[in-house]
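Notes to accompany the following structure.
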Amino acid sequence: MPIVTDTGFAQDTHNGPIRDLPSDTAPETLDASIDDMIRIDFPSFADGRGFTLARLLRLRGFTGRLRAKGHVIADQYAMARRSGFDEVEIDEALAARQPEEQWLARADWQAHDYQSRLRGA
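The opening residue of the sequence shown carries number 10 in the numbering used here; numbering runs sequentially from there.
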């Protein structure tokens, strides 16, 4: 499974425990204090609940590694990074349909932020 980062496709370098969260995890049950790595499942690219969970975890102080897993497409990479994810885990089939160049085209996730444009920054 390729891991997508700001520098492109990479191998998984994490060797510790991973807490997997389904996209339907109730936000009030999130505990951001106990894990080194949390992986949030995206069962469909149309299911954006994982972005909300990531943002809430970061707002609650989670400083560990946060990974989106599943059906995240290249067009959603900037949103994933802005919501707090460090990386995205995709399967080989998606990597073949959306090669590394498509992900790298969105790797400058801090640029082109509509909120910054609205604020005049």
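Glycine included, C-beta positions come from ideal geometry on N, C-alpha and C.
Report, in whole angstroms, the separation of the C-beta atoms of residue i and residue j, which I expect to be a contact under 8 angstroms.
| i | j | result |
| --- | --- | --- |
| GLN107 | ALA83 | 5 angstroms |
| PRO36 | LEU68 | With a Cβ gap of about 10 angstroms, PRO36 and LEU68 do not count as contacting. |
Helix, strand or coil for residue i? Go by DSSP, reduced to three states.
| i | result |
| --- | --- |
| ALA77 | strand |
| ALA105 | helix |
| THR14 | strand |
In terms of alpha-carbon separation, which member of the options lies closest to residue i?
| i | options | result |
| --- | --- | --- |
| GLY93 | PHE71, SER53, MET10, PHE51 | PHE71 |
| ASP45 | ILE27, PRO52, ARG58, PRO36 | ILE27 |
| VAL81 | LEU68, ARG74, ARG64, ILE99 | ILE99 |
| ALA41 | ASN24, LEU62, ARG90 | LEU62 |
| PRO33 | LEU75, ARG69, LEU113, PHE60 | As written in the sequence, residue 33 is Asp, which differs from the Pro given in the question. Comparing Cα positions, the closest option is PHE60. |
| PHE54 | ASP21, LEU103, ALA19 | LEU103 |
| HIS23 | PHE51, ASP117, ALA105, LEU75 | LEU75 |
| ASP15 | ALA87, PRO31, GLU101 | ALA87 |
Using the C-alpha atoms, what's the distance from residue j back to residue i?
| i | j | result |
| --- | --- | --- |
| ALA89 | VAL97 | 8 angstroms |
| MET10 | ASP95 | 16 angstroms |
| ILE47 | ASP56 | 18 angstroms |
| TRP112 | ARG91 | 15 angstroms |
| LEU39 | ALA19 | 28 angstroms |
| ILE12 | GLU109 | 10 angstroms |
| ILE49 | ALA114 | 23 angstroms |
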